Every structure is written in structure tokens, then in C-alpha cells.
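Structure, as C-alpha cells:
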Amino acid sequence: MEMQMLADKSDFIGLEGVTHLATGGEPPLLKTHRDAFEDFARDKADGQNGYRRHWQVAEEVRAQLGQLVGMTPEDIALTGSASEGISRVISSIDWRAGDSVVTPAAEFASGRYGLARLEKLGVQVRMVPSKNGLIEIDDLVDVCDSSTRLLLVSQVSYLTGQQIDVARLSKAMSDRQTALMIDASHALGVVPVDARHSDFVVSCGYKWLLSTHTGILIWNRARRPGFEPLGVGWNSATEGELPGSYHLLETAERAEVGNPNHLDVYLMRRSLDYLSGIGIDRIAANARALGGDLRRELVALGTEVLTPESEAARAGSIAFAHADCERIMQTLASEKILVWGDDGRIRLSVHAFVDQNDIARFLERVRPIL
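Residue numbers 1269 to 1638, in my numbering, belong to the letters of the sequence shown in order.
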């Protein structure tokens, strides 16, 4: 049965005549983002009252994000990037020589680099290799011990598109003191993300959330109180009794040292409105159904597909290995078919504006150039 497209391509800028399978890298913006810019510009021109409206919009976005991940607005910080969120969490831990951290060897560089820096403090960085290209939850858990202060893993791998079972990982780690941080950059906006299973969740805003280059940090205050990032600014604290004293905010805003990127926040509000109008469950079902079709066809073409077959073990992206990603990507781009090709693989992302015709067109064009 033919599936109905969830999002009309005419709602987006630059999608006319384009098959866009590159959301895992950069999605198109919505035409309503032009209205968001006008809203921001109008408020910015309105002095202090307009500035106050900037913060009202930020509160609206925190509430929208909280509903999306099962948390309260007070648990949400608006950061400049997912990488910044990771750094905030790493900086909040009082590291001692002999401590350890755990992450997959195939984790995105933001996490690996941030943790690798801790080696200068005598912290052991344990990078867990994949098995047959996939991350095994049991391997991550087995490497953790009483010295492990932090476990960082992506809900969905940027490299392979594999989705891990965060609830299962959380349960396996429940009897340990290790903080669990999830990078949801390749999950949030396309599949359900339940932040209640983690101590911290970070995400970028410019991929599946259909927004721009900003970030989100979610602090599960009920599960792990005492989060105190090293960086402190005027927006993360209130005045203390002395000029050099302060009191950190009780909310996740303690991770925001200054203004959030207000323009980006206005844009994200429109994105979240749009995604909520469709529904994440519908978006996820569509992505997994079309992704399953795409994966089966790629297997039939003889490609080395890196993404698991099981629907539960994948989200919106399907990846296959190739020795000449740049040639494949550029050849397809010349025909207005956008894919993402680097790290030795082609990644194909299925968001709400992708339908069966897009999949068929890609397969027809890629077959002779493999």
C-alpha cells in the first residue's frame, strides 16, 4: 500500500524538484521560518519589552521540548550546540586520577574528543569497539566498573544509523553510580526520545528537529541532582551576598552562561510547532517503513548495508559502505538527489517530507553508479 507523504515539500525552502535524503547532515528550512525571523526582528527592535519577549519565546520552546522528551521546562537548557552540552556535563564532574569514562569507539567526535581530554587528568578513557559494525549494550555495561563516572553514547549512531535501546541500557546501569549521558542528535525529531531514562541528554537542533545550528541540554534533576557545570555566567546564577558570590539556578538554565541564541530559538519554535502537528510517532513509523524498503533494496543491489534490519534498532537513516562516497554524492547531487557521503559510507535519511517516489528515484539513479 502506498504511504501518504506526511509533510508537503512545498512547506520547505529549496525542495522543488529535489529528492532530499540528507537530513542526518542538514535538512531544509521551513518557509514559516521566514515568519520566525520577522517575529524576532520585530521584537528585537522593540527595546526592553521586545527583549523580554525573547525570553518568553525561550520558555515556550523549553515547554515544547519538555513535552517531546517527557521532562519539564525546568530540565531544559538551550545551548549553542550538542558539543557545548557535552562539555558542560564533563566540566561538572570533579575528576580524579584513577576515574574512568566509557564511550563507543565509533561515537561522534564531540564525545570522543571531550572525553579523551580527560586523560591529562589521569582519567582512563575506555572506548568500546563495535562488533560487526554495531554497538552492543552488554559490551558498554561490562566495561563500566566502580571507577566509571560517565557513560556517553548516542541513541542513534551518526555513522551507521543504529539505534540502541536506551531504556535497556539505563536499567542495566541502574545499580551503579555512573552518570548516563545520551546524545540524541540523530533521534530527536524523528523517533521518540525519553529523557527520563538518562541523567543527561544532549542534541543539536539543526538535523531532525528541522531547525538551525543550536543545541539542547536536558538535565534529569530528579535522577541526578547536583549538576554544577564549571562555567558560570550572569544567566546561570543569581547574586550572592558578596560581589564575588552567587547562587546557581535550581533549573537547567544553570548551564546557560548568557543569552541563548534567541534568533535560533524563534526558528526552533516554528520547527517544533510543525513537527508536533504531524506527531513523532507518525514520523517514526514513516521513517522506519520507508527505511526498511530502502534497506532491502540496497541489500538486493549488493551493497554493504551498515544499518541493522530490525525496526527497533534503527531510526531515520540507512547507511551503506562505499569506497568513493564523494563521487556517489556529487553524481546524485547533479540530478538533485541529496545524500550524505563521508566516513566511508553513504547515509540516506528519511524524514517526513520523503515519500516512496523519492526512494524509487534514488534507487533508479544510484544503481548504475555503484
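The C-beta atom is built at its ideal place from N, Cα and C for all residues, glycine as well. Quick caveat: nothing in here was measured; it's all calculated off a predicted structure.
Margin query: Threshold first: 3 residues or longer. Then list the beta strand (DSSP E) segments lying entirely within the segment 1496 to 1530, N to C.
Written below: Qualifying beta strand (DSSP E) stretches, in chain order: 1505 to 1507, 1514 to 1516.
Note to self: Could you check whether His1590 and Ile1551 sit closer than 9 Å to each other, using their CB atoms as the reference points?
What the structure shows: Indexing the sequence shown from 1 puts residue 1551 at position 283. Indexing the sequence shown from 1 puts residue 1590 at position 322. At least 9 Å separates the beta-carbon of Ile1551 from that of His1590.
Notebook entry, point to check: According to DSSP, what are the bridge partners of Met1449?
Noted result: In the sequence shown, the residue the question calls residue 1449 occupies position 181. Per DSSP, Leu1420, Phe1468.
Margin query: Along the chain, where does the alpha helix (DSSP H) containing Trp1323 start, and where does it finish?
Written below: Locating residue 1323 in the sequence shown gives position 55, where the first residue counts as 1. For Trp1323, the enclosing alpha helix (DSSP H) stretches over residues 1315 to 1337.
Note to self: Closest to Met1339 by C-alpha separation, out of Arg1489, Phe1588, Leu1606, would be which residue?
What the structure shows: Position 71 of the sequence shown, counted from the start, is the residue given in the question as residue 1339. Closest by alpha carbon: Arg1489.
Note to self: Quick check on the DSSP output: the beta strand (DSSP E) that includes Thr1575 runs from which residue to which?
What the structure shows: The count along the sequence shown starts at 1 and reaches residue 1575 at position 307. Unbroken run through Thr1575: none, as it is neither H nor E.
Item checked: Gln1431 versus Ser1442: straight-line alpha-carbon distance, rounded -> As a first step, residue 1431 is located in the sequence shown; it is residue number 163 there, counting from the start. As a first step, residue 1442 is located in the sequence shown; it is residue number 174 there, counting from the start. Spanning the two alpha carbons is a distance of roughly 20 Å.
Note to self: I need the straight-line Cα distance from Leu1517 to Gly1483, nearest angstrom please.
What the structure shows: Locating residue 1517 in the sequence shown gives position 249, counting from the first residue. Locating residue 1483 in the sequence shown gives position 215, counting from the first residue. Rounded to the nearest angstrom, the two C-alpha atoms are 19 Å apart.
Checklist line | Rounded C-alpha distance that separates Pro1636 from Pro1296 | finding: The residue given as residue 1636 occupies position 368 in the sequence shown. The residue given as residue 1296 occupies position 28 in the sequence shown. Rounded to whole angstroms, Pro1636 to Pro1296 spans 27 Å at the Cα level.
Notebook entry, point to check: What are the start and end residues of the beta strand (DSSP E) that includes Ile1586?
Noted result: In the sequence shown, counting from the first residue as 1, residue 1586 sits at position 318. First-last of the beta strand (DSSP E) with Ile1586: 1585 to 1589.
Notebook entry, point to check: Shortest alpha-carbon distance to Val1619 belongs to which of Ala1555, Ala1581, Leu1606, Glu1577?
Noted result: Working through the sequence shown from its first residue, we reach residue 1619 at position 351. The identity of residue 1619 in the sequence shown is His, whereas the question assumes Val. The shortest Cα separation from His1619 among Ala1555, Ala1581, Leu1606, Glu1577 belongs to Ala1555.
Checklist line | Residue burial classification, Ala1365 (beta-carbon count within 10 angstroms, cutoff 16) | finding: Walking along the sequence shown from the start, residue 1365 turns up at place 97. So Ala1365 ends up on the exposed side.
Item checked: CA nearest to the CA of His1288, picked from Leu1638, Val1622, Arg1464, Ala1628 -> Looking up residue 1288 in the sequence shown gives position 20. Out of Leu1638, Val1622, Arg1464, Ala1628, Val1622 has the C-alpha closest to the C-alpha of His1288.
Notebook entry, point to check: Which value, in whole angstroms, describes the spacing of the CA atoms of Ser1378 and Arg1356?
Noted result: Here residue 1378 corresponds to residue number 110 of the sequence shown, with the count starting at 1. Here residue 1356 corresponds to residue number 88 of the sequence shown, with the count starting at 1. Cα to Cα, the separation comes out at about 12 Å.
Note to self: Distance check for Gln1392 and Gly1545, CA to CA, integer angstroms please.
What the structure shows: Counted from its first residue, the sequence shown places residue 1545 at position 277. Counted from its first residue, the sequence shown places residue 1392 at position 124. Between Gly1545 and Gln1392, the C-alpha separation is close to 45 Å.
Checklist line | Ala1552 in three-state terms, based on DSSP | finding: Against the sequence shown, residue 1552 aligns to sequence position 284. Three-state DSSP puts Ala1552 in a helix.
Margin query: Once the 5 residues before and after Glu1572 are set aside, which same chain residues still bring their CB inside 7 Å of it?
Written below: In the sequence shown, the residue the question calls residue 1572 occupies position 304. The answer, listed in chain order, is Phe1588, Ala1589.
Next item on the list: Taking only beta-carbon positions, decide if Ile1450 is within less than 9 Å of chain B.
Entry: Within the model displayed, chain B is absent; a lone protein chain is all it includes.
Next item on the list: Would you list the one or two residues that DSSP bridges to Ile1368?
Entry: Within the sequence shown, the letter at position 100 stands for residue 1368. Ile is not the amino acid found at residue 1368; the sequence shown has Ser there. As computed with DSSP, Ser1368 is found in a beta bridge with Gln1392, Thr1416.
Notebook entry, point to check: How close, in whole Å, do the beta carbons of Leu1333 and Ser1539 come, if the pair is a contact with beta carbons under 8 Å?
Noted result: To locate residue 1333, count along the sequence shown from 1; it is residue 65. To locate residue 1539, count along the sequence shown from 1; it is residue 271. Wrong, their Cβ atoms sit about 11 Å apart, outside the cutoff.
Next item on the list: Name the one or two DSSP bridge partners that Thr1482 has.
Entry: Indexing the sequence shown from 1 puts residue 1482 at position 214. Bridge partners of Thr1482: none, in fact.
Check: Given that a residue counts as buried once 16 or more other Cβ atoms are within 10 Å of its Cβ, and exposed if not, what is Ile1281?
Finding: As a working mapping, residue 1281 is identified with position 13 in the sequence shown. So Ile1281 counts as exposed.
Checklist line | Limits of the beta strand (DSSP E) - the one that Asp1610 falls within | finding: Taking the sequence shown and counting its residues from 1, the one referred to as residue 1610 is at position 342. Looking at the DSSP string, the run of the beta strand (DSSP E) that includes Asp1610 is 1608 to 1610.
Notebook entry, point to check: To the nearest whole angstrom, what separates the beta carbons of Val1434 and Ser1466, a pair I think is in contact under 8 Å?
Noted result: Translated into positions along the sequence shown, residue 1434 becomes position 166. Translated into positions along the sequence shown, residue 1466 becomes position 198. Yes, Val1434 and Ser1466 are in contact; Cβ-Cβ is about 7 Å, under 8 Å.
Notebook entry, point to check: If we count Cβ pairs, one from each stretch, closer than 8 Å, do we get three or more for the segment 1508 to 1527 versus the segment 1451 to 1461?
Noted result: no
Check: Sorted by chain position, which residues of the same chain lie with C-beta nearer than 6 Å to Arg1464's C-beta, five sequence neighbours on each side aside?
Finding: Position 196 of the sequence shown holds residue 1464. The answer, listed in chain order, is Gly1338.
Check: For Asp1367, which residues of its own chain have a beta-carbon under 6 Å away from its beta-carbon, when the five flanking residues on both sides are left out?
Finding: For the purposes of this step, residue 1367 is taken as the residue at position 99 of the sequence shown. The residues are Val1391, Ser1415, Arg1417.
Notebook entry, point to check: For Leu1558 versus Gln1624, is the C-beta spacing smaller than 9 Å?
Noted result: The residue labelled residue 1558 in the question sits at position 290 within the sequence shown. The residue labelled residue 1624 in the question sits at position 356 within the sequence shown. A contact, by the Cβ cut-off of 9 Å.
Next item on the list: Check the C-beta distance from Phe1308 over to Leu1477 and give it rounded, since I have them as a contact under 8 Å.
Entry: As a working mapping, residue 1308 is identified with position 40 in the sequence shown. As a working mapping, residue 1477 is identified with position 209 in the sequence shown. Taking 8 Å as the upper bound for CB-CB distance, Phe1308 and Leu1477 are not in contact here, some 18 Å apart.
Note to self: Please classify Gln1272 as buried or exposed, where buried requires at least 16 neighbouring CB atoms within 10 angstroms.
What the structure shows: Here the question's residue 1272 lines up with position 4 in the sequence shown. Exposed.
Next item on the list: Would you kindly report the start and end of the unbroken alpha helix (DSSP H) that includes Leu1600?
Entry: In the sequence shown, residue 1600 corresponds to position 332, counting from 1. Judged by DSSP secondary structure, Leu1600 falls within the alpha helix (DSSP H) whose first and last residues are 1593 to 1601.
Next item on the list: Give the secondary structure of Arg1489 by DSSP, where H, G and I count as helix, E and B as strand, and everything else as coil.
Entry: Counted from its first residue, the sequence shown places residue 1489 at position 221. DSSP places Arg1489 in coil when its eight states are reduced to three.
Checklist line | CB-CB length for Glu1352 against Ser1422, believed under 8 Å | finding: Against the sequence shown, residue 1352 aligns to sequence position 84. Against the sequence shown, residue 1422 aligns to sequence position 154. Wrong, their Cβ atoms sit about 16 Å apart, outside the cutoff.
Notebook entry, point to check: If you count every other CB in all the chains shown that lies within 10 Å of the CB of Ile1627, and 16 or more means buried, which is it?
Noted result: Position 359 of the sequence shown holds residue 1627. Flag for Ile1627 reads buried.
Next item on the list: Quick one: using the 10 Å Cβ neighbour count with 16 as the cut-off for buried, is Phe1291 buried or exposed?
Entry: Indexing the sequence shown from 1 puts residue 1291 at position 23. Per the sequence shown, residue 1291 should be read as Thr rather than Phe. It is buried - the Cβ of Thr1291 has at least 16 other Cβ atoms within 10 Å.
Note to self: Is the beta carbon of Lys1475 closer than 9 Å to that of Gly1348?
What the structure shows: Counting from one through the sequence shown, the residue named residue 1348 turns up at place 80. Counting from one through the sequence shown, the residue named residue 1475 turns up at place 207. Cβ distance not < 9 Å, so Gly1348 and Lys1475 don't count as in contact.
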